[in-house]
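Residue numbers (our numbering), protein chains in the order written: chain A, 1 to 126; chain B, 127 to 252.
Worksheet: one structure, shown below.
There are 2 protein chains.
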Amino acid sequence: MSLKRNTIQRQIILDTLKRFNTHPSVDVLYTVIHKSHPTISKATVYRNLRQLAGEGIITQMAVSDDVARYDGTSEPHYHFSCKVCNKIFDLDMDCVEGIDDQIRSKYGYKVDKHEILFVGTCQDCE
Amino acid sequence: MSLKRNTIQRQIILDTLKRFNTHPSVDVLYTVIHKSHPTISKATVYRNLRQLAGEGIITQMAVSDDVARYDGTSEPHYHFSCKVCNKIFDLDMDCVEGIDDQIRSKYGYKVDKHEILFVGTCQDCE
DNA sequence: TATGCAAATGATATTGTATATTATTTAAAT
DNA sequence: ATTTAAATAATATACAATATCATTTGCATA
Numbered sequence: 001m002s003l004k005r006n007t008i009q010r011q012i013i014l015d016t017l018k019r020f021n022t023h024p025s026v027d028v029l030y031t032v033i034h035k036s037h038p039t040i041s042k043a044t045v046y047r048n049l050r051q052l053a054g055e056g057i058i059t060q061m062a063v064s065d066d067v068a069r070y071d072g073t074s075e076p077h078y079h080f081s082c083k084v085c086n087k088i089f090d091l092d093m094d095c096v097e098g099i100d101d102q103i104r105s106k107y108g109y110k111v112d113k114h115e116i117l118f119v120g121t122c123q124d125c126e
Numbered sequence: 127m128s129l130k131r132n133t134i135q136r137q138i139i140l141d142t143l144k145r146f147n148t149h150p151s152v153d154v155l156y157t158v159i160h161k162s163h164p165t166i167s168k169a170t171v172y173r174n175l176r177q178l179a180g181e182g183i184i185t186q187m188a189v190s191d192d193v194a195r196y197d198g199t200s201e202p203h204y205h206f207s208c209k210v211c212n213k214i215f216d217l218d219m220d221c222v223e224g225i226d227d228q229i230r231s232k233y234g235y236k237v238d239k240h241e242i243l244f245v246g247t248c249q250d251c252e
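Right under this line is the structure:
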């Protein structure tokens, strides 16, 4: 992997993302960044998010029927998605043990990890 | 919900999708359909897949860094994603019990369901 | 079996996310 | 200070997905 420069833009993008507790789309993130730093280009936001995800510093997520979203951490954890406001929340919950091995032994797949997404309605939207 | 006509095109699209054990993108599905039925338009494939998913007959999936994929069933089940060939396989595995309630009581979210995606390497790609 | 009508289709245009391109700027090393 | 490689801002481009719309299809009722 080529060494990445820690540019001001990269730092701002990463810091801004980390301040979210939900998981913003590029567009949402860019809008926030643009308010305080109007010279930062959208292409730079896209480029840095892609690089940061490639380096494992942040995580790119996928949600059905929606654009890409980013999570400001690479620590494994589960997520809750509110189907009303479309926000995604981190969950502090113990990892479900043993299921990776279950799949490995039943199917012979090599399992690196698993992700769990809970879907429902958050308190604000009920 | 408005009543949908069971057109020939809709039937072909659904039947073709159900024959996949992996979970094809629209493009892959369209290519297969186009071979036997060259007059079916790509717009019709997109439109019907969206409708069928809206009716709960099939399921739209989301995979990081990739286009939308469709699952020919609406029965809840877990998935395995091979990071090499990018195929997605259905898993026949008992539902993990109790975790929805765990989230409900800890966070107060109303939980409808959860999805689990295992990530790793399938046997063909090892 | 003809007629009316609502819905679906095929073809195309449009939208919007994401990436590629490129001239310019930045920062680190010497 | 000069060199050099990488990142940036701005723009163009690619492409998945949706919207539009004239035409066709199929069902209902006469």
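Just so it is clear, CB atoms sit at the ideal spot from N, CA and C, and this is done for glycine as well.
The alpha helix (DSSP H) that contains residue i, what's its start and end?
i, result
"A/Val119", "Looking at the DSSP string, A/Val119 is not in any alpha helix (DSSP H); the run it does join, the beta strand (DSSP E), is Lys110 to Thr121."
"A/Thr137", "Outside the modelled stretch of chain A, which goes from 1 to 126, sits residue 137 of chain A, for which no answer is possible."
"B/Ile184", "Element bounds for B/Ile184: n/a, residue is neither H nor E."
"A/Asp92", "From DSSP, A/Asp92 is part of no alpha helix (DSSP H); its letter is neither H nor E."
Assuming residue i and residue j form a contact by the criterion Cβ under 8 Å, report the distance between their Cβ atoms to the nearest whole angstrom.
i, j, result
"B/Ile138", "B/His163", "6 Å"
"A/Lys18", "A/Gly72", "4 Å"
"B/Ala188", "B/Val152", "Wrong, their Cβ atoms sit about 13 Å apart, outside the cutoff."
"B/Val245", "A/Asp101", "Contact doesn't hold; Cβ gap of about 15 Å is too wide."
"B/Lys236", "A/Glu126", "6 Å"
"A/Leu117", "B/His240", "7 Å"
"A/Leu91", "A/Tyr70", "No, A/Leu91 and A/Tyr70 are not in contact; Cβ-Cβ is about 17 Å, not under 8 Å."
"B/Val222", "A/Val96", "6 Å"
With DSSP as the reference, label residue i as helix, strand or coil.
i, result
"B/Ser162", "helix"
"B/Ser167", "coil"
"A/Cys125", "helix"
"A/Ser105", "helix"
"A/Asp71", "strand"
Decide if residue i is buried, meaning its Cβ has at least 16 other Cβ atoms within 10 Å, or exposed.
i, result
"B/Cys248", "buried"
"B/Asn147", "exposed"
"A/Val84", "exposed"
"B/Ala113", "Past the edges of chain B, shown from 127 to 252, lies residue 113 of chain B, and the structure says nothing about it."
"B/Arg136", "buried"
"A/Pro24", "buried"
"A/Asn6", "exposed"
"B/Ile159", "buried"
"A/Thr31", "exposed"
"A/Thr16", "buried"
"A/Ser81", "buried"
"B/Glu201", "exposed"
"B/Ile134", "exposed"
Relative to the ligand ATP, is the shortest distance from any of its heavy atoms to the C-beta of residue i smaller than 7 Å?
i, result
"B/Leu175", "Here there are no bound small molecules, and the ligand ATP is not part of this structure."
Please confirm whether residue i has its beta-carbon closer than 8 Å to some beta-carbon of chain B.
i, result
"A/Tyr30", "no"
"A/Ala43", "no"
"A/Val67", "no"
"A/Tyr109", "yes"
"A/Ile133", "For chain A, the structure presents residues 1 to 126; residue 133 of chain A sits outside this window and is missing."
"A/Phe20", "no"
"A/Val96", "yes"
"A/Asp100", "yes"
"A/Ile88", "no"
"A/Leu91", "yes"
"A/Leu117", "yes"
"A/Glu55", "no"
"A/Met1", "Because the pLDDT at A/Met1 is just 40, under 50, the model does not fix this residue reliably, and the point stays unresolved."
"A/Arg47", "no"
So is residue i in contact with chain A if we call contact Cβ pairs under 8 Å?
i, result
"B/Asp238", "yes"
"B/Thr247", "yes"
"B/Asp197", "no"
"B/Val189", "yes"
"B/Glu252", "yes"
Along the chain, where does the beta strand (DSSP E) containing residue i start, and where does it finish?
i, result
"A/Arg81", "In the sequence as displayed, the identity of residue 81 of chain A is Ser instead of Arg. Where A/Ser81 is concerned, the enclosing beta strand (DSSP E) stretches over Tyr78 to Cys82."
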